[in-house]
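Here this note's numbering is used: position 91 in the sequence shown is 128, and no number is missing along the way. Ideal placement from N, C-alpha and C gives every residue a C-beta, glycine not left out. Take a look at the structure below.
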Amino acid sequence: MTPIALVEHDFDNDESLAIALAQTIAKYLRDAIAQRGHASIALSGGKTPRRLLQCLAEQRLDWSRVTITLADERWVPPGNPRSNEALLREALLRGNAAAARFIPLYVDTPTPEQGLAAVQKNVGVLKLPFDVVVLGMGLDGHCASLFPDGDNLQAALDPESSARVLPMRAPDAGEPRITFTLAALVQTRTLYVQIEGAAKREVFEHIVNGDAGFIDAPIRIVLQHSPVTAELFRSA
Ligand code: 6PG
Numbered sequence: 038m039t040p041i042a043l044v045e046h047d048f049d050n051d052e053s054l055a056i057a058l059a060q061t062i063a064k065y066l067r068d069a070i071a072q073r074g075h076a077s078i079a080l081s082g083g084k085t086p087r088r089l090l091q092c093l094a095e096q097r098l099d100w101s102r103v104t105i106t107l108a109d110e111r112w113v114p115p116g117n118p119r120s121n122e123a124l125l126r127e128a129l130l131r132g133n134a135a136a137a138r139f140i141p142l143y144v145d146t147p148t149p150e151q152g153l154a155a156v157q158k159n160v161g162v163l164k165l166p167f168d169v170v171v172l173g174m175g176l177d178g179h180c181a182s183l184f185p186d187g188d189n190l191q192a193a194l195d196p197e198s199s200a201r202v203l204p205m206r207a208p209d210a211g212e213p214r215i216t217f218t219l220a221a222l223v224q225t226r227t228l229y230v231q232i233e234g235a236a237k238r239e240v241f242e243h244i245v246n247g248d249a250g251f252i253d254a255p256i257r258i259v260l261q262h263s264p265v266t267a268e269l270f271r272s273a
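Here it is, written out as structure tokens:
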């Protein structure tokens, strides 16, 4: 199985990774603003990115020209500690970065299916391609909310899909989710993958090499469809 091409950046610890990735992203956002007048970024949630988001908030750039959204969201209100929007509001959308335009993936309906049309409308204002997409990964090989056993996985991984976002439910997801689809996520000028810790490093290596048992990992399928070479930021 052909390994997936990546530009690899290795770090001794999560702190130095977060600083370097934030600086790399900020430089790209500044270039995008200089060239096109605005920039867009889709960020992942979960536990890994908190430090990255804090470092990003400290970067000097014209945040009023940046549109920020999430790669995926748990279907919980922003007051819930599981909310990715809450993470972004706490860690990133403060100080100068509070001037950024944030496009949430959650609207106040009981289910993502009921909120889908409203979220589609919200994300419809984004001009794709994104300038930056940052993905994390779960140990099961999911990225965004593209879970291997997700009920909507086939549709969400369809490279021809015209849907930017879709609902997703999976046994390990915790709660219903909404996720950007593969077709939308790979419309990006730069793609970064943040992998921290020995367990994720090992799984990610199997996935990238296409080892038996890992060829269907959603993050592998996303990387295979990416027109740009992803940059891997990996710490010990
Ligand atoms: C989410 C994410 C998800 C995340 C991975 C890794 O909302 O959960 O966007 O794709 O990146 O699950 O999560 P951790 O960083 O918590 O391990």
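- prompt: To the nearest angstrom, how far is it from the Cα of ASP109 to the Cα of GLU150?
  reply: About 14 Å.
task: Under the assumption that GLN91 contacts ALA57 (Cβ atoms under 8 Å), give the Cβ distance between them as a whole number of angstroms.
output: So it is not a contact: roughly 14 Å between Cβ atoms.
- prompt: If you measure from the CB of ALA207, is any heavy atom of the ligand 6PG nearer than 8 Å?
  reply: Because no heavy atom of the ligand 6PG lies under 8 Å away, the Cβ of ALA207 does not count as near it: no.
message: For THR218 and ALA200, which I take to be in contact (beta-carbon distance under 8 Å), what is that distance rounded to the nearest angstrom?
response: That belief holds up - the Cβ atoms of THR218 and ALA200 are roughly 6 Å apart, short of 8 Å.
- prompt: Can THR85 be considered in contact with the ligand 6PG, in the sense that its beta carbon sits closer than 8 Å to one or more heavy atoms?
  reply: Correct: THR85 has its Cβ closer than 8 Å to the ligand 6PG.
- request: Use the C-beta contact count for PRO204: other C-beta atoms within 10 angstroms, 16 or more gives buried, fewer gives exposed.
  value: Buried, by the Cβ-count rule.
message: Assess contact between the region 115–134 and the region 64–78, defined as three or more Cβ pairs (one per stretch) separated by less than 8 Å. Is contact present?
response: Not touching, per the Cβ criterion.
message: Quick check on the burial criterion: 16 or more other C-beta atoms within 10 angstroms. Buried or exposed for SER53?
response: Per the 10 Å Cβ criterion, exposed.
- request: With a 10 Å radius around its C-beta and 16 neighbouring C-beta atoms as the bar for buried, classify ASN50 as buried or exposed.
  value: ASN50 comes out exposed.
- request: Return the Cβ separation of ALA137 and TRP100 in integer angstroms, given the expectation that the two are a contact with Cβ distance under 8 Å.
  value: Rounded to the nearest angstrom, the Cβ distance from ALA137 to TRP100 is 4 Å, consistent with a contact under 8 Å.
Whole-Å CB distance - ILE232 paired with ARG238, under 8 Å assumed: Between the beta-carbon of ILE232 and that of ARG238 there is about 6 Å, and that keeps the pair under the 8 Å contact cut.
message: Going by beta-carbon coordinates alone, are LEU43 and THR266 separated by less than 9 Å?
response: Against a cut-off of 9 Å, the Cβ pair of THR266 and LEU43 comes out as a contact.
query: Which two residues bound the contiguous beta strand (DSSP E) that contains LYS150?
result: Note that residue 150 corresponds to Glu in the displayed sequence, not to Lys. Careful: GLU150 lies outside any beta strand (DSSP E), inside the alpha helix (DSSP H) at 149–161.
- request: Scan the region 48–88 and note each continuous alpha helix (DSSP H) run of 4 residues or more that stays entirely inside, going in chain order.
  value: DSSP runs (the alpha helix (DSSP H)) wholly in the region 48–88: 51–73.
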